[in-house]
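Q:
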Amino acid sequence: MPDRTKPSTAWAAAVVVTAACVLSLASASAASAATTTSCVSGYSIGPPGWHFPSPTVHLGTSCTGFSDGGSPYVFKIAYFNAISTQQPYNTPYYNITATCTAYSYSGTDLVATGCTFSF
Numbered sequence: 001m002p003d004r005t006k007p008s009t010a011w012a013a014a015v016v017v018t019a020a021c022v023l024s025l026a027s028a029s030a031a032s033a034a035t036t037t038s039c040v041s042g043y044s045i046g047p048p049g050w051h052f053p054s055p056t057v058h059l060g061t062s063c064t065g066f067s068d069g070g071s072p073y074v075f076k077i078a079y080f081n082a083i084s085t086q087q088p089y090n091t092p093y094y095n096i097t098a099t100c101t102a103y104s105y106s107g108t109d110l111v112a113t114g115c116t117f118s119f
């Protein structure tokens, strides 16, 4: 008696291979927009006893050439000061990256919010 499962097994394998090829040729989804800029300095003010950057970053006018290209907003900051209301009052950080969800201008000063940091 002939084995009829071999042709259907081969056909199923061909379908899987074809689907994998089609999926690998599909274009990748577009990367999300991002704004990246370099800043000379920035600071944040944390709660008492907090010596790490807070989620709100004050960048002043130190980010030359800042142009809104969409969220997330990535600020590469050369010198950053985490200010606390308890000693030590100032904790300096160098060459950190702040990735933020939003920004606004307070007068001419740039203020970013919703920030997380890479040290």
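Going letter by letter, the sequence shown gives residues 1 to 119 in the UniProt record's numbering.
Quick reminder that beta carbons are idealized off the backbone N, C-alpha and C, glycines included.
Taking DSSP as the reference, what is the three-state secondary structure of A34?
A: Of the three classes helix, strand and coil, the one that applies to A34 here is coil, per DSSP.
Q: Starting from P92 and walking both ways along the beta strand (DSSP E), at which residues does that stretch end?
A: Note, P92: beta strand (DSSP E), 90-100.
Q: What three-state label does DSSP hand H58 in the structure shown?
A: If DSSP states are grouped into helix, strand and coil, H58 belongs with the strands.
Q: Return the CA-CA distance between S27 and A98, expressed in angstroms with no decimal places.
A: Only weak support exists for where S27 lies, its pLDDT of 36 falling under 50; the coordinates are left without a value.
Q: Kindly list the residues whose CB is nearer than 7 angstroms to the CB of N95, restricted to its own chain and excluding five residues on each side of it in sequence; keep chain order.
A: Same-chain partners within the cutoff: A78.
Q: Just the Cα atoms here: how many angstroms apart are F117 and T61?
A: Looking at the two C-alpha atoms, the distance is approximately 20 angstroms.
Q: In chain order, what residues of the same chain have a beta carbon less than 7 angstroms from the beta carbon of S106, not counting five sequence neighbours either side?
A: Counting only Cβ-Cβ distances below 7 angstroms, and skipping sequence neighbours, we find nothing.
Q: Residues in its own chain within less than 7 angstroms of V74 by CB, not counting five upstream and five downstream?
A: So the qualifying residues of the chain are A34, T35, T36, T97, T99.
Q: Quick check on the DSSP output: the beta strand (DSSP E) that includes D68 runs from which residue to which?
A: D68 -> no beta strand (DSSP E), and no H or E assigned at all.
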